[in-house]
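Residue numbers (this note's numbering): 351 to 524. For each residue, glycine too, the CB sits at the ideal point set by N, CA and C. Reading through the structure tokens given below for one structure.
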């Protein structure tokens, strides 16, 4: 099945990135001892390999059928343990990678012309988001992330401003 040249160009770039990421994550695996981080990293690697295989199938000119993206099997440990400083840095980088690749997949999907190719890339973006969430949960469990909270006065002021405006619009005939 022939696909639009724009889709082929985007997937060519994605494949090059995926191959580099697979090689990088394979090296990271040797540096990680924490079982929880190892489990998520293994899911990450499997996801990248699956995404690569699916893109190759989408590109295959001999294909005559719809291509579906398999469901992401996310392996997470119940006990998180502690992280070494190096594992902490790798975890932050891995989460950033998942976030970046998710953004690229989503933005690329918006430019893709073939509906099957577009839909698969939207699903890939969602899977990257799931992976990012898994890394974030590990960061939070190991107290590796500081998320500053808004003060209640500011939060209440913003809520009041927009809540009142939305109520007024709801009651308006326009």
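Asked                                                                                                                    : Found
Spatial distance of residue 514 from residue 493 (CA atoms)                                                              : 37 Å
Residue 435 - DSSP class collapsed to helix/strand/coil                                                                  : helix
Cα-Cα separation, residue 490 to residue 425                                                                             : 17 Å
Buried/exposed call for residue 505, threshold 16 Cβ in 10 Å                                                             : exposed
As assigned by DSSP and simplified to three states, the class of residue 429                                             : coil
Anticipated Cβ contact below 8 Å, residue 562 with residue 442, distance rounded                                         : As shown, the chain starts at 351 and ends at 524. That puts residue 562 outside it, with no answer to give.
Alpha carbon of residue 496 to alpha carbon of residue 486, nearest angstrom                                             : 11 Å
DSSP-derived helix/strand/coil call for residue 411                                                                      : coil
Distance, residue 516 Cα to residue 417 Cα                                                                               : 43 Å
Cβ shell of residue 459 (< 7 Å), same chain only, five flanking positions each side left out                             : 468, 471, 472, 475
Through-space distance from residue 363 to residue 444, alpha-carbon basis                                               : 20 Å
Residue 408 versus 450, 483, 384, 365, residue with shortest Cα-Cα distance                                              : 365
Closest Cα partner of residue 433 within the set 508, 400, 383, 447                                                      : 383
Nonlocal neighbours in the same chain, by C-beta distance under 7 Å from residue 414, ignoring five residues either side : 351
Own chain partners of residue 449 with C-beta closer than 6 Å, once the 5 adjacent residues on each side are dropped     : 482
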